[in-house]
Amino acid sequence: MDRALLMSAQPLIGVIHTGVGMANHGHDRHFSRFLRATALAVSLILPVGLVSQPAAEATPAEQLPACADPSVPEDVNHASIRLEGPTTGTEVAVDEHGKIALSGFLHKNATMVDVSVGRLTTTDITLGPPPAGVSDWSASWTASLRPAELGENEVCARAEREPGRYARILRSVTVVDLLPPSAVPDLTVGAITATTAKATWGEATDNYGLAGYEITVDGGTPHRTTIGTRSYSITGLSPSTNHTVSVVAVDLAGNKSATRATASFTTAAAPPPPDPDADLVLDPEQGAATATWHPDPATETSYRAYLDGQLYDEFSLTHFCQDADGNPANPCTAGNSIALPIGPLEEYTPYTFRVEALRADRTVARELSADFTTMINTDEVSPAATQQAASEGSQCAGSGGDFYLAADSRTSVTVPAGSTELFPGCYTVSNDSCLDAFLPPSGEKLVNCADSLTQLLFSAAPPGRGPVISSVDPVPGRVSTLFDPGNATMPITWCAQNTTTCTLVLAPAAQAVRLVAVAPAAAVGTSWVVVALSGIGIGLALWALLEILFPGQIGIHGILEYPIRHDTDFDTFENWGADEGEWYNSLKIYAEVIKTTKLVADRDGIPFAWTNAEDGRLKRIIDAACTAQRGTQGTAGCDNGFAVYVPGGVSYDLRPMKETGTHIVTAMGDGGYPQPPTRAQWFYPARSQGGRAAIDAGYPRRWFNTHFTPNECTGRAPGTVCDEFPFWVTNQAVNLSGERASLKPVPPSESSPQGTEMSAFFRKCEVADGERFIVLPVKPWVAANGPSFGFRVSEGGASMCMSPKPAAAP
Numbered sequence: 001m002d003r004a005l006l007m008s009a010q011p012l013i014g015v016i017h018t019g020v021g022m023a024n025h026g027h028d029r030h031f032s033r034f035l036r037a038t039a040l041a042v043s044l045i046l047p048v049g050l051v052s053q054p055a056a057e058a059t060p061a062e063q064l065p066a067c068a069d070p071s072v073p074e075d076v077n078h079a080s081i082r083l084e085g086p087t088t089g090t091e092v093a094v095d096e097h098g099k100i101a102l103s104g105f106l107h108k109n110a111t112m113v114d115v116s117v118g119r120l121t122t123t124d125i126t127l128g129p130p131p132a133g134v135s136d137w138s139a140s141w142t143a144s145l146r147p148a149e150l151g152e153n154e155v156c157a158r159a160e161r162e163p164g165r166y167a168r169i170l171r172s173v174t175v176v177d178l179l180p181p182s183a184v185p186d187l188t189v190g191a192i193t194a195t196t197a198k199a200t201w202g203e204a205t206d207n208y209g210l211a212g213y214e215i216t217v218d219g220g221t222p223h224r225t226t227i228g229t230r231s232y233s234i235t236g237l238s239p240s241t242n243h244t245v246s247v248v249a250v251d252l253a254g255n256k257s258a259t260r261a262t263a264s265f266t267t268a269a270a271p272p273p274p275d276p277d278a279d280l281v282l283d284p285e286q287g288a289a290t291a292t293w294h295p296d297p298a299t300e301t302s303y304r305a306y307l308d309g310q311l312y313d314e315f316s317l318t319h320f321c322q323d324a325d326g327n328p329a330n331p332c333t334a335g336n337s338i339a340l341p342i343g344p345l346e347e348y349t350p351y352t353f354r355v356e357a358l359r360a361d362r363t364v365a366r367e368l369s370a371d372f373t374t375m376i377n378t379d380e381v382s383p384a385a386t387q388q389a390a391s392e393g394s395q396c397a398g399s400g401g402d403f404y405l406a407a408d409s410r411t412s413v414t415v416p417a418g419s420t421e422l423f424p425g426c427y428t429v430s431n432d433s434c435l436d437a438f439l440p441p442s443g444e445k446l447v448n449c450a451d452s453l454t455q456l457l458f459s460a461a462p463p464g465r466g467p468v469i470s471s472v473d474p475v476p477g478r479v480s481t482l483f484d485p486g487n488a489t490m491p492i493t494w495c496a497q498n499t500t501t502c503t504l505v506l507a508p509a510a511q512a513v514r515l516v517a518v519a520p521a522a523a524v525g526t527s528w529v530v531v532a533l534s535g536i537g538i539g540l541a542l543w544a545l546l547e548i549l550f551p552g553q554i555g556i557h558g559i560l561e562y563p564i565r566h567d568t569d570f571d572t573f574e575n576w577g578a579d580e581g582e583w584y585n586s587l588k589i590y591a592e593v594i595k596t597t598k599l600v601a602d603r604d605g606i607p608f609a610w611t612n613a614e615d616g617r618l619k620r621i622i623d624a625a626c627t628a629q630r631g632t633q634g635t636a637g638c639d640n641g642f643a644v645y646v647p648g649g650v651s652y653d654l655r656p657m658k659e660t661g662t663h664i665v666t667a668m669g670d671g672g673y674p675q676p677p678t679r680a681q682w683f684y685p686a687r688s689q690g691g692r693a694a695i696d697a698g699y700p701r702r703w704f705n706t707h708f709t710p711n712e713c714t715g716r717a718p719g720t721v722c723d724e725f726p727f728w729v730t731n732q733a734v735n736l737s738g739e740r741a742s743l744k745p746v747p748p749s750e751s752s753p754q755g756t757e758m759s760a761f762f763r764k765c766e767v768a769d770g771e772r773f774i775v776l777p778v779k780p781w782v783a784a785n786g787p788s789f790g791f792r793v794s795e796g797g798a799s800m801c802m803s804p805k806p807a808a809a810p
């Protein structure tokens with residue numbers, strides 16, 4: 001049985017009928033409900049496709065695998081063939097090519113067929129002279145194979161004595177890898193600042209396969225990366241201090257390079273304190289900054305600001321003048337300050353800012369300039385934790401482990417009885433064989449057995465849950481990116497490089513999402529396969545599974561007519577699959593918005609509650625957004641694999657954004673359908689990093705001061721900034737979509753929160769440059785000052801990626 005096939009079939013928990021489980025389900029309807037709930041509850045993402053693997057020494061299609069033919073006798077040494085090595089119960093080490101050698105003798109009336117190690121079989125066999133003095137043996141034979149996994153393996157040799165009559169010899173051996181990886185080459189440390197540095201290195205080699213790299217700074221706690229990540233950012237250092245970083249490669253057996261690569265460096269000196277005479281202070285955030293300086297009203301009447309050498313804004317003395325309390329000041333005196341908001345910006349990016357103070361005749365009275373770097377958003381899931389789980393998951397797969405528990409899941413998942421720990425978090429189980437006879441699946445065929453792995457999956461799945469489980473933990477004062485409150489884990493399948501060896505990985509839901517995202521980077525130069533768990537069997541499309549699990553169909557035209565309401569218990573709702581899944585992803589958006597707003601409103605005491613009227617409006621908006629995503633006419637259900645941004649009356653980190661959030665709602669139809677209707681495309685913009693789409697089209701950042709004038713921001717009141725929607729950082733800014741962007745003056749205090757929020761959304765929800773996402777304005781949520789949030793939708797469910805922070809305790 002191909003273990004990759006077996007492990008990618010772990011999603012079949014939705015069509016597994018365990019003998020034990022059926023004892024508790026007295027009739028088909030109850031079982032069907034249990035089946036669909038379990039099938040979809042543990043799902044988050046489907047495999048888009050398996051990464052191609054190198055051709056292993058394959059079994060010829062017309063022959064059964066050597067060890068899978070029950071008609072072949074199993075003699076210790078058969079009259080037709082002998083297996084001299086390896087011997088039963090021994091440890092066999094792979095050689096410098098990652099292979100083990102097999103050898104024996106062949107009877108003169110027999111023909112060699114094949115030899116195998118585990119599930120890998122080869123017919124590439126070398127025949128040599130027979131043993132001396134034994135006339136019945138016609139030849140000696142040798143072969144070598146790279147085992148698919150380390151640990152216990154079954155060695156098999158097969159011969160044919162007569163047509164259709166075979167003989168085979170089986171031996172159980174333990175395959176080990178005793179050779180460490182090579183030393184890590186070309187370790188360097190660069191990008192050194194007063195508190196940070198970045199280590200990079202070259203690719204190590206190994207005879208059997210690498211699991212990743214282990215980095216240590218100043219002898220501290222080691223950090224793991226995958227084989228595709230050969231860099232590490234070092235933070236939290238002190239200025240003008242000496243440090244040493246070392247790196248070793250770790251292979252799939254856990255061996256480490258015999259010699260550590262080391263490099264030493266010294267952090268830069270602390271930057272000098274700001275020069276009070278310079279009179280320019282820049283306060284950067286993740287996606288915005290504020291430039292502050294004191295005016296000289298005696299000589300200055302206006303200002304001209306530049307960002308990275310390009311004109312950013314031009315404004316009068318009084319427009320951004322404020323007093324010590326941050327209130328607009330007019331007249332503007334030398335004791336006041338000018339506070340110019342700058343944004344939206346890209347996170348962790350250096351910028352140069354310059355401002356010219358102009359006299360009444362437009363000549364330059366003075367010039368101020370400074371450099372700044374925006375800050376970096378904090379990830380919802382620690383990259384270090386993700387890399388650790390990915391690397392150790394690979395090691396577990398390569399070592400023959402059946403499942404791996406990420407560090408954060410080890411206290412919440414019960415290890416099956418009889419499991420053996422290979423290394424912390426990695427286990428083999430006593431029984432993983434029951435699925436073999438039922439693969440590949442077809443039709444409504446049920447697996448009528450249970451083994452340790454299927455029982456583990458059932459125990460990890462929240463019982464009786466529907467496909468969309470809120471990502472917000474309802475415990476007061478706490479928000480977590482959990483797939484299900486009270487059950488933080490979800491399983492995926494992770495496969496080792498250059499093999500079909502896979503292991504089940506159980507990790508916190510948000511970390512599991514990150515593991516799948518990390519997979520392409522881990523696959524650089526290798527052949528990895530990542531299969532996410534779902535309720536869908538191998539080769540079965542979503543609609544096919546729904547035909548099995550949801551035999552009745554409901555004629556609907558959008559989720560507006562779907563039999564689901566804001567007061568539905570989404571955890572147990574059964575009709576997710578109506579109409580062959582056309583509205584499945586739309587329903588996930590709907591459920592995630594309803595559940596998140598309810599939980600956050602209850603947690604933070606927000607005066608918000610759904611009504612039937614607002615419920616209907618939300619469904620219309622989702623139908624409109626999904627239709628825009630599909631680029632079709634009429635009403636269409638959403639596709640999958642995208643992020644959703646829900647603006648609020650405050651930002652996700654609870655800073656005021658009421659006017660900005662209201663602007664988005666108004667621009668998109670004020671809770672109804674956008675007017676003009678062509679604005680519906682604004683539901684589905686694409687990210688444009690740094691606003692390049694607008695810049696390349698010839699528009700400056702403050703295009704509304706010079707283009708399409710007069711407009712809503714022409715002559716705006718002092719102390720306001722001009723907000724535009726669609727956002728400057730999308731491909732629909734200005735008039736790039738054919739519909740000129742909507743403009744509205746808003747308080748300058750909302751500029752930085754919005755810039756930082758968009759930066760956080762792109763980072764936390766992994767919206768790449770050019771990738772499309774959905775903007776979903778919910779009018780009553782903004783009106784109630786609910787916080788913004790973001791989530792991703794994929795085949796199996798919805799997962800929060802930008803969680804609203806909890807309100808401070810009164």
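Straight run, no breaks: the sequence shown in the working numbering ends on number 810. Beta carbons are placed, not taken as given, at the ideal position from N, Cα and C, and that holds for glycine. All of these numbers come straight from a predicted model, not from anything done at the bench.
Simplified DSSP state of residue i, which is helix, strand or coil
i           : result
residue 486 : At residue 486, the pLDDT of 37 sits below 50, so the modelled position is not reliable; the number obtained from the coordinates is stated separately. It is coil, neither helix nor strand.
residue 629 : helix
residue 812 : The first residue shown for the chain is 1 and the last is 810, placing residue 812 beyond what the model contains.
residue 803 : coil
residue 728 : coil
residue 104 : strand
residue 310 : strand
residue 251 : strand
residue 286 : coil
Distance CB(residue i)-CB(residue j) smaller than 8 angstroms
i           : j           : result
residue 881 : residue 501 : Because the chain spans 1 through 810 in this model, residue 881 falls outside it and cannot be assessed.
residue 733 : residue 694 : yes
residue 748 : residue 717 : no
residue 508 : residue 493 : no
residue 100 : residue 169 : no
residue 244 : residue 283 : no
residue 866 : residue 704 : Not covered by the structure: residue 866. The range shown for the chain is 1 to 810.
residue 352 : residue 373 : no
residue 431 : residue 451 : yes
residue 206 : residue 251 : yes
Buried versus exposed, by CB contacts within 10 Å (16 or more), residue i
i           : result
residue 108 : exposed
residue 421 : exposed
residue 105 : buried
residue 403 : buried
residue 663 : buried
residue 627 : buried
residue 702 : buried
residue 768 : exposed
residue 289 : buried
residue 143 : buried
residue 333 : exposed
residue 294 : exposed
residue 97  : exposed
*Tell me the start and end of each unbroken alpha helix (DSSP H) in the stretch 643-722 that is at least 4 residues and wholly inside, in chain order.*
658-667, 692-696
*asked:* Measuring CB atoms only, is the stretch 604-619 touching the stretch 728-743, in the sense that at least three cross pairs come out at less than 8 angstroms?
replied: no
*Are the stretch 357-365 and the stretch 773-784 in contact at 8 angstroms, needing three or more beta carbon pairs?*
As far as the Cβ criterion goes, the stretch 357-365 does not touch the stretch 773-784, which means the pair count is below three.
_In chain order, what are the residue ranges of uninterrupted beta strand (DSSP E) at least 3 long that sit wholly in the stretch 738-789?_
742-746, 773-775
*How about the stretch 174-192 and the stretch 120-138: do they share at least three Cβ pairs that are nearer than 8 angstroms?*
Contact fails: fewer than three Cβ-Cβ distances are below 8 angstroms.
*Report yes or no: do the stretch 302-310 and the stretch 352-361 share at least 3 C-beta pairs separated by less than 8 angstroms?*
yes
*Three or more C-beta pairs closer than 8 angstroms, one from the stretch 681-696 and one from the stretch 720-728: is that the case here?*
yes
*Would you check if the stretch 228-237 and the stretch 154-171 touch, i.e. whether three or more CB-CB distances between them fall below 8 angstroms?*
no
*How do the stretch 163-182 and the stretch 190-201 stand: do at least 3 beta-carbon pairs fall below 8 angstroms, yes or no?*
no
*Can we say the stretch 110-118 touches the stretch 200-213, given the rule of at least three CB pairs closer than 8 angstroms?*
Look at the beta carbons and you see the stretch 110-118 not touching the stretch 200-213: under three pairs across the two are nearer than 8 angstroms.
*Kindly confirm or deny that the stretch 646-661 and the stretch 751-760 touch, where touching means at least three C-beta pairs closer than 8 angstroms.*
With contact defined as three or more Cβ pairs closer than 8 angstroms, the stretch 646-661 and the stretch 751-760 are in contact.
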